[in-house]
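Visitor: Residue numbers (the numbering used here): 80 to 363. Cβ coordinates follow ideal geometry from the N, Cα and C atoms, glycine included. Because the structure is a prediction, the values reported are computed rather than measured. Sharing a structure below in structure tokens format, with a few things to ask.
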Ligand SMILES: C[S@@+](CC[C@H](N)C(=O)[O-])C[C@H]1O[C@@H](n2cnc3c(N)ncnc32)[C@H](O)[C@@H]1O
């Protein structure tokens, strides 16, 4: 279902999700500061999550398919892991924006440590409304951030405005199946999960409607890849690692502090009702 209702930034909700010490510790230790899923092909090990994450970043680089020196917007950069990878490996010049000040600070600090300050810059910004002039970028990507969008149509329109003609957009992330196709017991699990994670965007589009939102914003879709089979091994590995710790935390009612664990365990229960899609599109 596509909703045309706008909304506003829920900074308190996002701070609650990403700011809790337990959540930050999880990302630092398990994901080496990346805040996204991973990519595993047949024959590759799923157990080292950070390696799967690096492979996913390499997939993003291939889909962007831009030459070194290209200017690229990272919409929702988190601590800048993806930006540094693309800058370091492909020579792209990445501008990362995020609405969480502590993510922006962390991204700058880690880029300084990696001596990548010249090719990666980070600032506070809401990707629905940025200050950069029209056509500022050769590429834009959203690595698992559109799910947080309070108005996905507006975010896509902003990406379109910021790209030069011929500029490339890559969107990666989990997308739910249409509500009518999800059994009631799974929906009852999904909706509180999306609310707890401030994933308001994920309620505004689904596997059937997201492509239409992208074309309505003026893009030509080059590829819509259902990459679920490449993502699923990471969900399996995280579930295997954290199923029991999460059950113990639940017993003591301490799950609020550990939303990332909730995410790994509950997403697994919903795995047959979510697809991981990679959209590659061009601004004509
Ligand atoms: C799942 S994390 C992904 C971070 C990063 N892309 C990565 O893969 O490590 C989602 C990020 O989007 C950011 N975010 C959410 N809504 C945003 C908005 N309206 N504008 C900019 N950033 C936003 C969050 O603060 C968070 O850092």
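Report the three-state DSSP secondary structure of residue 202 (helix, strand or coil).
Guide: strand
Visitor: Tell me which residue opens and which closes the beta strand (DSSP E) that residue 326 is part of.
Guide: Premise fails: residue 326 lies in the alpha helix (DSSP H), 307 to 330, not in any beta strand (DSSP E).
Visitor: Given 8 Å as the limit, tell me if residue 179 has its C-beta closer than that to any heavy atom belonging to ligand 1.
Guide: yes
Visitor: DSSP on residue 90, reduced to helix/strand/coil?
Guide: helix
Visitor: With respect to the alpha helix (DSSP H) encompassing residue 239, which residues constitute its N-terminal and C-terminal limits?
Guide: It spans 231 to 241 - the alpha helix (DSSP H) in which residue 239 sits, taken as one unbroken run.
Visitor: Pairs of beta-carbons, one from the region 244 to 259 and one from the region 351 to 363, closer than 8 Å: are there three or more?
Guide: yes
Visitor: Would you list the one or two residues that DSSP bridges to residue 208?
Guide: 205
Visitor: Is residue 227 near ligand 1, going by C-beta to nearest heavy atom under 8 Å?
Guide: yes
Visitor: Check whether the Cβ atoms of residue 189 and residue 149 lie closer than 9 Å to each other.
Guide: No, the Cβ-Cβ distance between residue 189 and residue 149 is not below 9 Å.
Visitor: Terminal residues of the continuous beta strand (DSSP E) containing residue 355?
Guide: 353 to 361
Visitor: Would you say the region 331 to 338 touches the region 217 to 228, given that touching needs at least three Cβ pairs under 8 Å?
Guide: no
Visitor: Distance check for residue 134 and residue 141, CA to CA, integer angstroms please.
Guide: If I take the Cα positions, the gap works out to 11 Å.
Visitor: Nearest by alpha-carbon distance to residue 294: which of 232, 136, 266, 285 is it?
Guide: 232
Visitor: How many Å lie between residue 95 and residue 291 at the Cα?
Guide: 31 Å
Visitor: Does residue 114 come out as helix, strand or coil in the three-state DSSP assignment?
Guide: coil
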